[in-house]
């Protein structure tokens, strides 16, 4: 097991989509860039046996995390584009607002699932 690192360790494990229990193994079987299989999760942690699917329909709540991240990304991209580029045509604004969430959707999908599991899954064990 790894040394305890407090909240920074939990945040690092969350962003790397590591097991919320041991922080060692990945939650997902394939790389995010493997577009055909980036959705595939391990049923249990290969390292400690933590159940990544605590109950049927558990990850429906992850849609709310995903929605919040996409809205924040769209607002940020839209404001940044308006301030930095000052577009003269409406279609350029639409592209600047909708393209980032589309390109980042595999990462947002994974991060929202990890956030759901970290927030509402069973409690983390203390790491020594």
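Residue numbers (this note's numbering): 762 to 889. Every residue gets a Cβ at the ideal spot worked out from N, C-alpha and C, and that includes glycine. The model shown is predicted, which means the values in this text are computed figures rather than measured ones.
As a quick exercise: from the options, pick the residue whose alpha carbon is nearest that of residue i.
i: residue 839; options: 830, 823, 827 and 859; result: 859
i: residue 870; options: 841, 771, 798 and 770; result: 798
i: residue 820; options: 772, 810, 804 and 773; result: 804
i: residue 868; options: 795, 771, 772 and 769; result: 795
i: residue 810; options: 771, 836, 786 and 847; result: 786
i: residue 832; options: 863, 771 and 800; result: 863
Rounded to a whole number of angstroms, what is the C-alpha to C-alpha distance between residue i and residue j?
i: residue 861; j: residue 828; result: 14 Å
i: residue 816; j: residue 881; result: 11 Å
i: residue 762; j: residue 857; result: Residue placement at residue 762 cannot be trusted, given a pLDDT of 45 that sits under 50; the coordinates are not used to answer.
i: residue 898; j: residue 849; result: Given that the chain is displayed from residue 762 to residue 889, the structure contains no residue 898 and the question cannot be resolved.
i: residue 889; j: residue 806; result: The predicted model places residue 889 with a pLDDT of 47, which falls under 50 and marks its position as unreliable, so this point remains unresolved.
i: residue 776; j: residue 854; result: 29 Å
i: residue 879; j: residue 822; result: 12 Å
i: residue 843; j: residue 851; result: 11 Å
i: residue 790; j: residue 841; result: 35 Å
i: residue 818; j: residue 837; result: 31 Å
i: residue 847; j: residue 772; result: 36 Å
Could you tell me which residues DSSP pairs with residue i in its beta bridges?
i: residue 779; result: 787
i: residue 805; result: 812
Please check if any C-beta of chain B sits within less than 8 Å of the C-beta of residue i.
i: residue 837; result: No chain B appears in this structure, which consists of one protein chain only.
For residue i versus residue j, is the C-beta spacing smaller than 8 Å?
i: residue 813; j: residue 824; result: no
i: residue 826; j: residue 877; result: yes
i: residue 897; j: residue 865; result: Nothing about residue 897 can be reported from this structure: the residues present for the chain run from 762 to 889 only.
i: residue 767; j: residue 774; result: no
i: residue 778; j: residue 875; result: yes
i: residue 830; j: residue 873; result: yes
Is it the case that the CB of residue i approaches a heavy atom of the ligand SAM more closely than 7 Å?
i: residue 853; result: Ligands displayed in this structure: none; no statement on the ligand SAM is therefore possible.
Going along the chain, which unbroken runs of the beta strand (DSSP E) with 3 or more residues stay wholly within the segment 809-855? Unbroken beta strand (DSSP E) stretches of 3 residues or longer found wholly inside the segment 809-855: none.
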